[in-house]
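S.K.:
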Amino acid sequence: MQFNTEYDLLDIEITELIVAGWTGRDAAAVQHHIDELAEIGVAPPSMVPLFYRVSKALLTTDASIEVLGKTSSGEAEPLIIKHDGKLWLGLGSD
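Numbering (my numbering) for the sequence shown: 1017 to 1110.
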């Protein structure tokens, strides 16, 4: 996968992808969101935040992605990549 940095274009082989779910600066707001989702049948997480591995094939720089249903929406999320001992911060969407 290629990433533009202020210095260069980086070619990075992605070896694993870990998602941090149920995160937020405001614990009460996170709990409120969990409660809202529980009302529509979404099971609450076992802990917050919750870290889980997903397929590295899900990470893409494509201009569009396939979603399930018409009510899906992405959120801007921080993306952290560790490469050659450095951490790179970017923006992603889930």
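By construction, the Cβ of each residue, glycine as well, lies at the ideal position given by its N, Cα and C atoms.
What ranges does the beta strand (DSSP E) occupy inside the stretch 1034-1072, keeping only unbroken runs of at least 3 residues that lie completely in it?
M.R.: Taking only runs of at least 3 residues, the beta strand (DSSP E) segments lying wholly in the stretch 1034-1072 are 1066-1070.
S.K.: Flag this pair as yes or no: are the beta carbons of residue 1070 and residue 1035 separated by less than 8 Å?
M.R.: One-based indexing of the sequence shown puts residue 1070 at position 54. One-based indexing of the sequence shown puts residue 1035 at position 19. Their beta carbons are under 8 Å apart, which means residue 1070 touches residue 1035 by this criterion.
S.K.: If you draw a straight line from the alpha carbon of residue 1040 to that of residue 1088, how long is it in whole angstroms?
M.R.: Indexing the sequence shown from 1 puts residue 1040 at position 24. Indexing the sequence shown from 1 puts residue 1088 at position 72. Taking the straight line from one Cα to the other gives about 20 Å.
S.K.: Kindly list the residues whose CB is nearer than 8 Å to the CB of residue 1068, restricted to its own chain and excluding five residues on each side of it in sequence; keep chain order.
M.R.: Mapped onto the sequence shown, residue 1068 falls at position 52. Here the set comprises 1034, 1035 and 1037.
S.K.: Just to confirm my understanding: we take residue 1061, look at its own chain, exclude 5 residues before and 5 after, and list those with CB closer than 6 Å. What are they?
M.R.: Locating residue 1061 in the sequence shown gives position 45, counting from the first residue. Cβ neighbours of residue 1061 beyond the five flanking positions: 1038.
S.K.: Rounded to a whole number of angstroms, what is the C-alpha to C-alpha distance between residue 1091 and residue 1109?
M.R.: Here residue 1091 is taken as the residue at index 75 of the sequence shown, counted from 1. Here residue 1109 is taken as the residue at index 93 of the sequence shown, counted from 1. So the two alpha carbons sit approximately 5 Å from each other.
S.K.: Along the chain, where does the beta strand (DSSP E) that runs through residue 1095 open and close?
M.R.: By one-based count along the sequence shown, residue 1095 stands at place 79. 1092-1099 is the extent of the beta strand (DSSP E) around residue 1095.
S.K.: In this structure, does DSSP put residue 1075 in helix, strand or coil?
M.R.: Numbered from its first residue, the sequence shown carries residue 1075 at position 59. Coil at residue 1075, not helix or strand.
S.K.: What's the C-alpha gap between residue 1019 and residue 1107?
M.R.: By 1-based counting over the sequence shown, the position of residue 1019 is 3. By 1-based counting over the sequence shown, the position of residue 1107 is 91. About 11 Å.
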